[in-house]
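Quick note: the sequence shown uses our numbering, first residue 104, plus one each step.
What follows is a set of notes on a single structure, which appears directly below.
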Amino acid sequence: MTSAKTPHSEDETPEHYDVVVIGAGVSGVYALLHLREMGLSVRVYDGAPEIGGTWWHNRYPGARIDGPSAPLYCYTFSDELVKEWDWTETQVAQPEVLAYVGYVADRFDLRRDIQLETWVRNAQYNEAAQRWTVETSTGGPVSAQFLICAVGALSVANKPNIAGIDDFGGATFHTGNWPQEPVSFTGKRVGVIGTGSSGVQSIPEIAKKAEHVTVFQRTPQYSIPARNQPLDPKRVAEVRENWNHIRSQMNALPAPDVDFTPFPGNGRSAFDETSEQRHALYEALWEQGTLNFVGGNYPELLVNEEINREVSEFLRGKIRETVHDPATAEKLCPHYFYATKRPILDDGYYETFNRDNVTLVDLRQDPIERITQTSVHTAEEEHPLDILVLATGFDAITGSMLRLDPKGRGGVSLQDRWESHFHNYLGMTINGFPNLFMIHGPGTPGVLYNMPLGAELETEWIGNFVRHLRDQGMGAAEPTLDAEKSWDQEVSELANKTLFPRTDSWYTGANIPGKPRHFSVHLGGPAYFQRIVDLADEGYEGFVFEERHVTETT
Ligand code: N01
């Protein structure tokens, strides 16, 4: 199927590929593997010095998988891979996940098509050639018929706009851009701003080393024990033996009853059980820990205020039981609907506030006024610090596409197209940007799905789309504006059945000042993937195909 010039000779300018993939994280690595196996010529660029994407950059202390437990957070496409790779714990730590992605790259000989330490500076659609021209930080332009943006849903670090933040004279680290060299906290006074997943994972680890940790908390968060433990060899053997069945189950979870809730939970209605029975379930799920606190809960959890309030109160009770000082415990108690922000798993987070060397500052009562060379000044106090950790999250889901800012038809930039709304179709394609695909873009289940599996399924769909386009003798395709509108409606309708849009979170863009507010995750889960497969089978409704009008290597 390869139709491009040989991509590796150095005297060709520009080099031509079938596909350029931007990003060598979990998604980009699989995109290369799959599309290359289809016979396409593929080049991958990544700005980092190693592959791994989010697992390369987020190497702060305590970083570990807080999603599906090992061995289920993994690529699913290869039986051999499942048999070869030995995960050690249920909630695997960052270095091990990074090593896994590296292993996959070596195992499938992917590195020769990945160019690291190379930032894509510009990506421009050439209408006459029906190709993308890509300029990078390290060489001449390259051209590709298809552009795959595997740029990460959580990649653009959010640096808070706090007066004086650049004046701080000590070391400042963002959890999402953690340095490669080890950071020593020993004997240091450390301030951590932010108490999302990254803050909750890192604070207990930093507190074990630092002289003192001051936690600056704007919104308290619910967190469930991760209950991390060594992986049981019996469980590993069982998974390996039954991998085909498990893989099919992973993508065939109980179909969501989208008229009621996109989250099937345990399938038992909370209203069919007594208060005692419900509390026994919450207690059992708490003991078990992990994200099963959500998955094993009642289907009403994310759609019914009353049940959500009951669960939220149960979790506040756990905080009050754990934290010795009642005033600190109250400050740590959240009041939003549980799980409408990304659920967090922790290893001793609330217990950390019982330590003598940890202080909690509630920014809602005592806001930060400015940062100086030596201190964070809140309204009530000066907090002298040696190290400032910004666990302040990301311009999520859309930020990395906007940073890339591809230019589509007529030179229109994505920043202009998305100025007030993140228009797209299926979460993967954008009108005016032919032959461009996003993985885990806004409007996919992405961040609320098993991300490696989601990346595989999206990539396979994109591969089939490319094959179809070429088989039909077409040169380009893009979605219609109407298709984008109806997709947007579908994403919003699903979200509006739930409590999600009622909470300020990075799912809605509310964490970034000035960002258009929109709940950008498709809540269909497995139904989304069935939907896009059906759409392909039925002839790609919603897309306009343009005949090929030039040779592909022009
Ligand atoms: O970011 P967040 P994160 N002044 O946005 C606060 C994934 N992840 O990096 O809630 C003061 O959740 C902000 O306060 P508020 C996971 O999906 C995965 O922790 O906006 N505070 C919040 O407390 C996760 O959800 C793993 O009021 C400010 C915090 O900073 C996602 O990444 C590990 C502020 C940001 O929390 C993001 O998590 C870690 C300001 N100006 C993360 N601005 C895995 O292990 C922001 N905050 C797989």
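In this text, a Cβ means the ideal position worked out from N, Cα and C, and glycines have one as well.
The model shown is predicted, which means the values in this text are computed figures rather than measured ones.
{"Item": "Please report the distance separating the alpha-carbon of ASP574 from that of LEU213.", "Value": "26 angstroms"}
{"Item": "Excluding the 5 residues flanking ASN400 on each side, which residues of the same chain have their C-beta closer than 6 angstroms to its C-beta?", "Value": "GLY368"}
{"Item": "Assign PHE632 to one of three DSSP states: helix, strand, or coil.", "Value": "helix"}
{"Item": "Would you list, in sequence order, the uninterrupted beta strand (DSSP E) runs of no fewer than 3 residues that lie entirely inside the region 300-373?", "Value": "315-320 and 326-328"}
{"Item": "Tell me the rounded alpha-carbon separation between TYR631 and HIS571.", "Value": "20 angstroms"}
{"Item": "Assuming contact is defined by CB atoms lying nearer than 7 angstroms, are HIS526 and GLU593 in contact in what I supplied?", "Value": "no"}
{"Item": "Is it buried or exposed for GLU338, if we count other Cβ within 10 angstroms and need 16 for buried?", "Value": "Checking the displayed sequence, the identity of residue 338 turns out to be Arg instead of Glu. Per the 10 Å Cβ criterion, exposed."}
{"Item": "If you measure from the CB of ILE615, is any heavy atom of ligand 1 nearer than 6 angstroms?", "Value": "no"}
{"Item": "How should ASP585 be labelled, buried or exposed, when 16 other C-beta atoms within 10 angstroms of its C-beta is the threshold for buried?", "Value": "exposed"}
{"Item": "What did DSSP end up calling LYS291 once you bin it into helix, strand or coil?", "Value": "coil"}
{"Item": "Compute the Euclidean distance between the alpha carbons of GLN468 and GLU433, then round it to the nearest angstrom.", "Value": "12 angstroms"}
{"Item": "Compute the Euclidean distance between the alpha carbons of ASP637 and ILE154, then round it to the nearest angstrom.", "Value": "33 angstroms"}
{"Item": "Which complete alpha helix (DSSP H) runs does the region 513-561 hold, if anything under 4 residues is left out?", "Value": "517-520"}
{"Item": "For LYS312, which residues of its own chain have a beta-carbon under 7 angstroms away from its beta-carbon, when the five flanking residues on both sides are left out?", "Value": "PHE288 and THR289"}
{"Item": "Does GLU485 come out as helix, strand or coil in the three-state DSSP assignment?", "Value": "strand"}
{"Item": "Between the alpha carbons of THR443 and VAL245, how many angstroms are there, rounded?", "Value": "42 angstroms"}
{"Item": "Just the C-alpha distance for THR657 and GLU563, rounded to the nearest angstrom, thanks.", "Value": "With a pLDDT of 43 at THR657, under the threshold of 50, the predicted position of this residue should be treated as unreliable, though the coordinate-derived value follows. So the two alpha carbons sit approximately 27 angstroms from each other."}
{"Item": "Let's test the definition: count the other Cβ atoms within 10 Å of the Cβ of GLY272 and tell me whether it reaches 16, buried, or not, exposed.", "Value": "exposed"}
{"Item": "Should LEU175 be counted as a contact of ligand 1 given a C-beta to heavy atom distance under 6 angstroms?", "Value": "no"}
{"Item": "If I follow the unbroken beta strand (DSSP E) through GLN197, where does it start and stop?", "Value": "Careful: GLN197 lies outside any beta strand (DSSP E), inside the alpha helix (DSSP H) at 197-210."}
{"Item": "Pull up the CB-CB distance for PRO582 and GLY645, whole angstroms please, since I reckon it's below 8 angstroms.", "Value": "5 angstroms"}
{"Item": "Checking the sheet assignment: what are the DSSP bridge partners for ALA260?", "Value": "PHE497"}
{"Item": "Could you tell me whether the Cβ atoms of LEU426 and TYR385 are closer together than 7 angstroms?", "Value": "Sequence inspection shows Val at residue 426; the Leu mentioned does not correspond to that position. In this structure, TYR385 does not lie closer than 7 angstroms to VAL426 by Cβ."}
{"Item": "Figure out for me which residue from ALA580, ASN457 and GLY566 has the closest Cα to the Cα of PRO537.", "Value": "ALA580"}
{"Item": "Starting from the C-beta of ALA482, find all residues in its chain whose C-beta is less than 7 angstroms away, skip the five residues before and the five after it, and write them out in chain order.", "Value": "ASP469, PRO470 and GLU472"}
{"Item": "Would you check whether ligand 1 has a heavy atom nearer than 6 angstroms to the C-beta of ASP469?", "Value": "no"}
{"Item": "Assuming contact is defined by CB atoms lying nearer than 7 angstroms, are ASN411 and PHE440 in contact in what I supplied?", "Value": "yes"}
{"Item": "Answer yes if the region 194-201 comes into contact with the region 146-161, meaning at least three C-beta pairs across the two stretches below 8 angstroms, and no otherwise.", "Value": "yes"}
{"Item": "How would you call ALA387, buried or exposed, if buried means at least 16 neighbouring beta carbons within 10 angstroms?", "Value": "exposed"}
{"Item": "Based on DSSP bridge pairs, tell me the residues matched to HIS277.", "Value": "LEU493"}
{"Item": "Is the beta carbon of PRO263 within less than 6 angstroms of some heavy atom of ligand 1?", "Value": "yes"}
{"Item": "From the DSSP output, which residues share a beta bridge with PHE646?", "Value": "PRO582"}
{"Item": "State buried or exposed for THR377, treating a residue as buried only when at least 16 other CB atoms are found within 10 Å of its CB.", "Value": "exposed"}
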